[in-house]
Structures are given as structure tokens and as C-alpha cells.
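Residue numbers (the numbering used here): 59 to 406.
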């Protein structure tokens with residue numbers, strides 16, 4: 059069985075799609091899986107045991123006539139038995155539209171999708187996590203045999219890569235035998251970034267409670283790095299924070315995540331890497347993000363706080379703008395819930 063899975067978008071979306079890839083491999087061990095994704099996140103999935111071939115698309119390819127030509131080539135160079143389009147947009151549906159002989163063309167139930175797909179899945183995530191939603195795309199394949207649904211999303215790097223990054227951490231003064239907190243103190247998008255003064259205060263409370271824990275800030279070059287250093291200075295440059303340690307690639311971030319004890323900070327793609335590495339996390343969820351959808355639950359401890367979790371809200375809360383909703387998430391409420399999470403899950 060030859061399967062094509064299409065999942066453009068961001069890093070977190072693609073990581074959560076590995077539950078589909080893993081489930082397909084377990085259900086149909088002899089199947090061959092090709093994975094279509096953005097080229098910028100392609101390195102993160104190299105060597106993944108549930109992926110036989112990565113098919114990257116550059117930004118230029120996705121926004122020019124080259125896209126149509128490449129999609130045509132992909133589906134005509136390999137006769138796929140299954141095409142699963144995780145987003146089913148006007149652009150991505152071309153994979154199924156150009157391959158009408160594929161027996162299973164699975165997409166979301168949108169008005170225009172009936173032209174391309176012969177198996178339509180309810181598009182609403184209401185009341186479901188992204189794990190549950192993604193796995194629902196496999197339902198038509200129940201006709202082919204018993205489906206084994208694996209709720210674990212996963213990432214892999216080589217032993218050599220892990221060893222090299224371990225050596226780097228040790229060269230920067232990290233003791234791998236002691237607990238490590240990875241803190242996502244900032245984010246790429248402003249609307250997904252909690253107030254930095256509150257972030258600084260909360261991490262200071264953590265240091266008072268757990269002074270033995272080594273802390274690494276997770277940030278990207280540029281604006282994120284500037285934000286992280288500013289928070290570090292507001293905290294008084296505590297010795298527990300190893301501010302200069304960085305993951306210079308997505309795969310290095312996997313290596314770092316494999317060595318941490320827990321993650322705290324803004325919800326985003328970095329947290330999904332941590333979860334894929336089996337590490338617990340507690341996050342502040344942006345007002346534009348649905349906590350139940352993007353904080354999926356399996357046997358890896360994961361929790362967070364959203365403005366909707368704050369008690370004693372009135373009927374006007376939903377009418378507030380983004381900043382006002384973020385302001386409802388107080389530093390005291392975050393610390394109380396995070397410290398309870400640590401104790402409840404016996405993390406430290």
C-alpha cells in the first residue's frame with residue numbers, strides 16, 4: 059500500500075500529524091508513506107521510522123505555477139493507494155484531484171472538496187484535541203483491516219547527533235545528571251506571547267522553590283533573542299539561567315528536549331517538540347488558541363492555563379480584545395497552577 063500524507067503549515071501542525079503516520083505504519087506494516095510538507099521544517103522529520111520519503115515544497119513552489127507542475131509530478135510518478143489531505147485547502151486538494159484513480163482520497167468536508175475526495179471527514183475540532191481530530195482521518199481505512207491508533211506523536215535524531223549536543227551542553231556548564239527546565243519565555247508572534255514582566259516574576263518564583271534546577275531559555279535569533287535577554291536582565295541575571303545556550307537547528311532542539319526535565323512557557327511548536335520527546339510541559343495558552351485542541355493528552359503530562367480557566371469571569375469577557383484577555387492570566391494564577399502541576403505529576 060502506497061500512502062501520501064499532505065500537511066503544509068507550521069512545525070507544531072506537522073509534529074501532531076506524526077500520530078497519523080505512526081498509526082498507519084502500525085496498522086499496515088508493509089505500507090510506504092510519503093509525507094508532503096514545508097521545506098523549512100523538513101529536516102525535523104529526516105530519519106523518522108514512519109516516513110519512507112519526505113517531499114518538501116519551498117515557499118516559491120507553493121506560490122507559483124511550479125506548484126501545479128510539481129503536484130502533478132508527485133501523484134503521477136507514484137500510483138498512490140491512499141491520499142490523506144490533512145487541511146484540504148483549494149491548493150492541497152490538487153493532489154487528490156490529479157489522482158482520480160486513487161481508491162482512498164481522504165479530505166475534510168468542505169463545500170469544494172467533493173470534487174477531489176471520495177471520503178470526507180467532519181472538519182470541526184469542537185470538543186476534540188488535534189490528536190483525536192488527526193486520527194479521525196484514518197476512519198475510511200477501517201475497510202482495509204484493523205486500525206491501530208497510536209496517540210503518541212514522535213521525533214527522532216541519531217545517537218551521534220544526541221552525543222554531540224550532550225557534549226555541547228556539558229561544555230556550557232550543564233550537568234546532565236541534574237534537573238533542567240527549558241523555558242519558552244518568548245515567541246515568534248506577539249499575539250502568542252505572554253507579558254514578559256509576568257514571565258520574569260513567575261520564573262523567579264520557580265527559582266526560589268527549586269534553586270537546584272538549571273534553566274535554559276528557548277529562543278530564536280533576532281527579536282526572540284532580544285526579548286529573552288531582556289527578561290534575563292529583569293530577573294537580575296540569576297546563576298540558574300544559562301542564557302547563552304542555544305539550539306541552532308530544529309534537530310538540536312530535539313536533542314535538547316531529550317535532556318530536559320520539564321518545559322514551561324508560551325504554547326507553540328517548541329512545546330510540541332518537548333511533548334514528542336516524552337517530557338512534561340506547562341504552558342500559557344494564547345487567547346487565540348483553543349487549549350483542548352492544541353494541548354492534547356496522552357501519557358505524557360501536559361497542562362496549561364488559558365484565559366477561559368480564570369474564575370469569576372462575567373458575560374463580557376468574550377468581547378474583550380486579545381491583550382485584555384491575556385491580562386486575565388495573572389502571574390499568581392500561573393505560578394499556583396504550575397507549581398501544583400509539578401507536585402501532582404511528581405516532576406521535581
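Glycine included, each C-beta is placed from N, C-alpha and C at the ideal position.
- Just measuring C-alpha positions, the residue of 301, 257, 355 and 379 sitting nearest residue 275 is 301.
- A direct Cα-Cα distance of roughly 8 Å separates residue 166 from residue 195.
- In the three-state reduction of the DSSP assignment, residue 328 falls in the helix class, which pools H, G and I.
- Taking a cut-off of 8 Å for Cβ pairs, the region 236-245 and the region 103-112 do not touch, as fewer than three such pairs fall below it.
- For residue 341, the enclosing beta strand (DSSP E) has its first and last residue at 339-342.
- A distance below 7 Å between beta-carbons, with the five flanking residues on each side excluded, links residue 397 to the following residues of its chain, in chain order: 267.
- For residue 209, the closest C-alpha among the options 189, 228, 201 and 218 is that of 189.
- Under the three-state reduction of DSSP, residue 278 is assigned to coil, being neither helix nor strand.
- In this structure, the CA atom of residue 143 is about 40 Å from the CA atom of residue 237.
- Distance from residue 320 to residue 223 at the Cβ level is roughly 18 Å; contact not present, criterion being Cβ atoms closer than 8 Å.
- Assignment of beta strand (DSSP E) within the region 159-196, counting only whole runs of 3 or more residues, yields 162-166 and 177-179 in chain order.
- Rounded to whole angstroms, the Cβ separation of residue 92 and residue 136 is 7 Å, and the two are in contact under 8 Å.
- Annotation: the continuous beta strand (DSSP E) that includes residue 95 extends over 90-96.
- A straight-line Cα-Cα distance of about 6 Å links residue 164 and residue 178.
- For the 8 Å CB-CB criterion, residue 79 and residue 63 form a contact.
- In the three-state reduction of the DSSP assignment, residue 288 falls in the helix class, which pools H, G and I.
- Counting C-beta pairs with one atom in each stretch, the region 354-369 and the region 390-405 have three or more that are closer than 8 Å, which means they touch.
- The region 210-219 makes no contact with the region 248-263: fewer than 3 CB pairs, one atom from each, lie closer than 8 Å.
- Pairing residue 285 with residue 384 gives a Cβ-Cβ distance that is not under 8 Å.
- In chain order, 187, 188 and 189 place their CB closer than 6 Å to the CB of residue 354, counting only its own chain and leaving out the 5 sequence neighbours on each side.
- Annotation: residue 128 to residue 299 spans about 47 Å, alpha carbon to alpha carbon.
- Classified as exposed, residue 134 has fewer than 16 neighbouring CB atoms from the shown chains inside 10 Å of its CB.
- Under the DSSP assignment, residue 64 falls in the beta strand (DSSP E) whose first and last residues are 60-64.
- Shown here for residue 87: not one same chain residue has a beta carbon closer than 6 Å to its own, the five before and five after excluded.
- Just so you know, the alpha carbons of residue 104 and residue 290 end up roughly 34 Å apart.
- Going by DSSP, residue 143 is part of the beta strand (DSSP E) stretching over 140-143.
- In the DSSP assignment, residue 207 falls outside any beta strand (DSSP E), carrying neither H nor E.
- Residue 199 and residue 162 do touch by the CB rule: their CB atoms are close to 6 Å apart, below 8 Å.
- With a 10 Å radius around the Cβ and a threshold of 16 neighbouring Cβ atoms, residue 390 comes out exposed.
- Looking at the DSSP output, residue 361 bridges to 340.
- The beta carbon of residue 332 is closer than 6 Å to those of 315, 321 and 339 in its chain, skipping five residues each way along the sequence.
- For residue 156, no alpha helix (DSSP H) encloses it, and the DSSP letter there is neither H nor E.
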